[in-house]
Every structure is written in C-alpha cells, then in structure tokens.
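Going by my numbering, the first residue of the sequence shown is number 569, and it counts up by one from there.
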Amino acid sequence: MPSWKRCKGAGKGLHTHERLDDKQLREYPPLALAFIGDAVLELAVRTRLVTGARRKMKDLHLETVGVVKAENQARLVRDIMGELSVAEQDIIRWGRNAHSTPPRNANPADYSLSNGFETLLGYLYLKGDEERLLSLVEQALRQAECSNHD
C-alpha cells in the first residue's frame, strides 16, 4: 500500500484534519491560522471565477488578486465588524495584533486587519464551521464585485 494511503488524513477530502475546538484553536499562533485562511479565501475565489463565466488566465489572476488583496479584505472587515459576533471580533483582533511585516506596497493598518480576517477564516475552517466560513467568503466576493462596478 502506498505510504500516502496510510496517512491519518487520507480519504477525508478537503478536510484532512479532525475538527478542532476553541481551546485547541487558541493554541495555534494567529499567523498560522491566517496562513490557512489566506489559502481558503484564495481557493474559494479561484473556484468561483473558474466555474463562472469564461475568462482568460490573466483575467482570472487579476480578479483573484482584486478580491484577496489586503486593502479589500480590510474594507470588508470595517464594513461588517458590527455584524460579527463578539467571539469573531476577538479572533480578528487577535490576528490583527500578531506581529508580521507588511509588504512594501501595503498599508500597514490594512495588512494587519486583513491578517485578522484571514485568522478568522482559518479558525472557522479548522473548527469545521463551513456555513459561517462560506458566508464570510460570499461577503468578500460580493464586496469585490460591487467595488469593481463603482
């Protein structure tokens, strides 16, 4: 039997982990959760774009970047912060306050806030709260579509 078939996560589909509870999730560094959240958001955006109308590869890339860039994520968080639960707001603050160095072309405040949003997405993904995760991803996609039409 190939070694990958013996791996603990093999055969679980996209979720290659056991669902984690809040206590377990708080043991992870927030930037590790943001790392997962970034990938989840990018995969969701790419999936939406590829399964939607046909686009050139260059356009797929540009539209994906338009959604996932720190500036747009920060704008979304500012828009929806009042709609988030207290626990979700705490997770965003936890991720926002984690030390990271923003890219030179990014506004540091936007970059920190986008880290917070990605921390929340990673948290929800590892917790297995797909309904809430998809709701937030949908809001990010709608906001990006609206800002593209402004």
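Idealized CB from N, CA, C, for every residue including glycine. Since we're looking at a predicted model, the values are computed, not measured.
Limits of the unbroken alpha helix (DSSP H) element including residue i
i	result
E610	598–619
G684	676–695
L630	625–636
D590	590–593
E656	654–664
Contact test: residue i Cβ vs the ligand ATP heavy atom, cutoff 6 Å
i	result
L593	Of the ligands one can find in the structure shown there are none, so the ligand ATP has no counterpart to examine.
Contacting residues, own chain, Cβ-Cβ under 7 Å from residue i (five flanking each side not counted)
i	result
V636	L609, E610, V613
Chain-order list of residues whose beta-carbon lies under 8 Å from that of residue i (same chain, five-residue window excluded)
i	result
A677	A642
R587	L694, K695, G696
Rounded straight-line distance, which links the Cα of residue j to that of residue i
i	j	result
E595	D589	10 Å
I648	K624	32 Å
G577	G696	With a pLDDT of 49 at G577, under the threshold of 50, the modelled position of that residue is not reliable, and the figure given next carries that caveat. Cα-Cα distance, rounded: 15 Å.
L702	R672	30 Å
R664	L692	16 Å
L599	G690	9 Å
I660	T687	6 Å
Neighbourhood of residue i by C-beta distance below 6 Å, restricted to the same chain and skipping five residues each side
i	result
A638	A674, D678, Y679, S682
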